[in-house]
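For the sequence shown, my numbering puts the final residue at 350, and the numbers step up evenly by one. Here's the structure we're looking at; comments come further down.
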Amino acid sequence: MASNSSPEIPPEIIHKIINELRDDIHTLQNTSLVAHSFLRPSQQSLFSKIIVNLYGSGNPSPNTQKLVSILSANVELAFYVRDLILTIEDTHTSDTNSTTGGESEALSALAMLQQIRKLSLHHIPSWTHIDIALRHTILGLSALPRLSTLALTDTRDFPIDHLVPQLSRLTNLTLTNVDLTQDKVGGLSLPERGNYSDIVEGKLEVVAFDCVTARSGLAKLFIALTSPQSKLKVTDLRALKISGYGPYFEETMALEKIMGFVAEKLECLIWGTLDEVSVYRLYSSWISYREYLSAHVSQVIHCPRNCSVQNRDLIQEQSTSRH
């Protein structure tokens, strides 16, 4: 007797369908309702990357409140999140949720995201001006053991002494328009300065510093990359981008040391908008293996002083597409 049940769709077919729809959020949402077999794969794709907008108090902005409510009511969805973009609204912006009790719900939802591989922190006007509970949550996310990519953009007063111990977990570190500080801010407990004993063996493959300021703070980060105590394999770097940082002697010396380590596997070197003093000092380091670079490094891009950040990114994309 023939069965009335519909035949099962092979998982590989479902995966292919979901993959084709991954950029079409509306259709993907509808697909999750087609059949039970489509529900979980659709949810995995829908929640693989999320954007969370918070006020400096830790309360969610209106366009994030629905997402926070969904995560809070469906704990299993937090397991699917691999890529988190966290944006902090201007701390001077009116916090419309200040009396709703949304703070604890939003931060609790973020704390559930234990499987993220990529964390992007955007637009933190001042680390010292955001709520201490939010700071604790961000530091906890950046220290997750499975995190491999950390990107900071338009961020002020980020504690360098927290960033250094996390290097062992990362393969990709990007700092763009970031101001680092060596101060222990907000009463948070951070590692002692110069202590790299907690850094286990790690491997950074992609490093980009663009418009980073901190005086000796950035130098400390550079030194951590090459310190024997840190056990970081800087020789595994495949891509290195350095541009727009200050003319501080200590930083230039530390960066010069890095340049002596990275020639082995480097595939892409982008440098530009450095001050004349830095260029003069670094030139001696680069010229020492200039022949190696020309023979082995497929992309060596020098951006002029007036090359904007957007143009440098475009140059990088075009060079990558030609490679």
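Glycine is no exception: its CB is placed at the ideal position from the N, C-alpha and C atoms. Note that the structure is a prediction, hence the values are computed from the model and not measured.
- With 16 or more other Cβ atoms inside 10 Å of its own Cβ, V108 counts as buried.
- In the same chain as F106, and ignoring 5 residues on each side of it, the C-beta atoms closer than 6 Å to its own belong to Q142, in chain order.
- Between V233 and the set T91, T176, K145, the nearest pair of CA atoms involves T176.
- With a cutoff of 7 Å on beta-carbon distance, N204 and D181 are scored as near each other.
- A distance below 7 Å separates the beta carbons of F74 and L104.
- Looking from the CA of S195, the closest CA among L231, A266, L111 belongs to L231.
- At least 7 Å separates the beta-carbon of H163 from that of T114.
- Excluding sequence positions up to five before and after P172, its CB lies within less than 8 Å of the CB of R196, all in the same chain and listed in chain order.
- As DSSP reads the structure, A160 sits in no beta bridge.
- Beta-carbon to beta-carbon, L81 and A133 are separated by about 6 Å, close enough to satisfy the 8 Å threshold.
- Residue environment for A136: buried (at least 16 other C-beta atoms within 10 angstroms of its C-beta).
- Relative to the Cα of A138, the nearest Cα in the group G85, F185, P68 belongs to G85.
- For D188, the enclosing alpha helix (DSSP H) starts and ends at 187-190.
- In the structure shown, the three-state DSSP call for T155 is helix.
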